[in-house]
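Residue numbers (this note's numbering): 562 to 983.
Note that CB positions come from ideal geometry on N, CA and C, so glycine has one too.
Working notes, beginning with the structure itself.
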């Protein structure tokens, strides 16, 4: 039982603290040491760094690392390589030679790179064709890679299905036809050709720049879950079986409508998150007419969530007022939420939209909410669950039976359950 507790705690701890955790546990007492040494899985996460050290500390770390691998026995490994600077070539070769001895056991490989990237991939070359159990690969870099860098190290990894690619300009060959879950950051132009080959993608998270991609079409016939940060990311995409769409920032939503019209997908879950953190002079308000346009193209929609990325727990109270504050010279703009509520109200006509909507969560912190339109919409959808986020004063409002407040933790769980890759 104690071993299970240590494994559970380790899963939460190692990723933030590196791979020293099992060593600390083994020094608590004799019982803990025996348990730690009997659990190879506890030693299955390994952090590698090429930071500069004295010759003495280097030799200690190499011996420690070798013992760490030994204690992991035959467990599948999660290997984190943090490559920050150049190092004496002899030391680097010894380090990578030790790490590569166990590449047949790599299940997860995370590369965090900011120095001598070409040199690292040359050292990784012996792992080519030996990554038989590699399932997840993450590539992180904080600058554009040299244009001449090319590598096929990961091209022949038959079980690789989960990818995070956050490196501009990297010409790394990957088995895109087998990738099922993917996070992409950087320039959309760098990823266009790869996405054209990723026909088995199921989950896709796009965090790319705002530039418009080259004018090529990208069909993702198996994509079911998509997260992105604006309509420009979707210009060339088509996803005919898409079920959930998470829009991280409510920008250029008219392009999202075009994407939905092009895809003709059976979308069931839609989340639009407005960015409230930025200054209201440059804030991208949610275009409610564009949201209505999206809803007109998603007749199978069952869940709709409108929230803000950063908002107060409660609406700010109105000013009690000095003479100087009677008028706001520069009021914050607000979206036309009433038009959305009116569009969602069922009237029994052919103009009604999203007839299958079973849950609607409204979480934009604008005060006042157009409560009359909100409640009329809820009343017309008596079989749907209508939720609002925030502790609003409803003393003067008749609250329909299907209208309830939703707490932040409940909303977080709802989003996590229904929107993978967020």
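Do the CB positions of residue i and residue j come within less than 8 Å of each other?
i: residue 989; j: residue 696; result: A query on residue 989 cannot be resolved here, the shown segment of the chain reaching from 562 to 983 and no further.
i: residue 917; j: residue 863; result: yes
i: residue 858; j: residue 821; result: yes
i: residue 668; j: residue 637; result: yes
i: residue 951; j: residue 981; result: no
i: residue 769; j: residue 748; result: yes
i: residue 854; j: residue 818; result: yes
i: residue 930; j: residue 948; result: no
i: residue 604; j: residue 622; result: no
i: residue 902; j: residue 943; result: no
i: residue 693; j: residue 719; result: yes
Could you pull out every residue in the same chain whose Cβ sits closer than 6 Å to the Cβ of residue i, ignoring the five residues on either side in sequence?
i: residue 781; result: 762 and 800
i: residue 920; result: 864 and 946
i: residue 684; result: 657
i: residue 941; result: 906 and 907
i: residue 759; result: 737 and 740
i: residue 757; result: 779
i: residue 900; result: 849
i: residue 682; result: 712
i: residue 915; result: 856 and 862
i: residue 699; result: 671 and 725
i: residue 974; result: none
i: residue 746; result: 727 and 768
i: residue 904; result: 853
i: residue 885; result: Low per-residue confidence applies at residue 885: pLDDT is 48, beneath 50, and the placement is therefore not dependable, though the value from the model is reported in the following sentence. Counting only Cβ-Cβ distances below 6 Å, and skipping sequence neighbours, we find nothing.
i: residue 866; result: 832 and 922
i: residue 874; result: A caution first: residue 874 carries a pLDDT of 42, below 50, which makes its placement in the model too unreliable to give a value.
i: residue 970; result: none
i: residue 953; result: none
i: residue 764; result: 742, 786, 981 and 982
i: residue 868; result: 834 and 924
What residues are listed by DSSP as bridge partners for residue i?
i: residue 806; result: 787 and 831
i: residue 669; result: 639 and 697
i: residue 920; result: 864 and 946
i: residue 744; result: 725 and 766
i: residue 965; result: 948
i: residue 606; result: 639
i: residue 780; result: 799
i: residue 711; result: 732
i: residue 674; result: 644 and 702
i: residue 869; result: 835
Looking only at C-alpha atoms, which of the options sits nearest to residue i?
i: residue 963; options: 936, 977 and 976; result: 936
i: residue 965; options: 934, 923, 975 and 830; result: 923
i: residue 640; options: 816, 672, 748 and 832; result: 672
i: residue 898; options: 910, 913, 914 and 932; result: 932
i: residue 979; options: 618, 832, 861 and 701; result: 832
i: residue 828; options: 853, 819 and 802; result: 802
i: residue 813; options: 793, 913 and 628; result: 793
i: residue 644; options: 620, 608, 631 and 628; result: 608
i: residue 805; options: 630, 977 and 971; result: 977
i: residue 860; options: 629, 744, 755 and 830; result: 830
i: residue 630; options: 651, 619, 598 and 618; result: 598
i: residue 620; options: 913, 651 and 970; result: 651
Could you name the residues of the same chain whose beta carbon sits closer than 7 Å to that of residue i, not counting the 5 residues immediately before and after it, in chain order?
i: residue 626; result: 659
i: residue 595; result: none
i: residue 716; result: 734, 735 and 736
i: residue 816; result: 792, 793, 795 and 796
i: residue 691; result: 664 and 665
i: residue 686; result: 714
i: residue 879; result: Unreliable placement is indicated for residue 879, whose pLDDT of 44 sits below 50; the coordinate value is still reported in the next sentence. There are no such residues.
i: residue 826; result: 800, 801, 802 and 803
i: residue 939; result: 947, 961, 963 and 964
Within its chain, find whatever has a CB closer than 8 Å to the CB of residue i; leave out the 5 residues flanking it on each side and keep chain order.
i: residue 635; result: 601 and 666
i: residue 701; result: 671, 672, 673, 674, 725, 727 and 728
i: residue 895; result: 846 and 927
Compare the C-beta of residue i against all C-beta atoms of chain C and say whether one is closer than 8 Å.
i: residue 757; result: Among the chains of the structure shown, chain C does not appear; only one protein chain is present.
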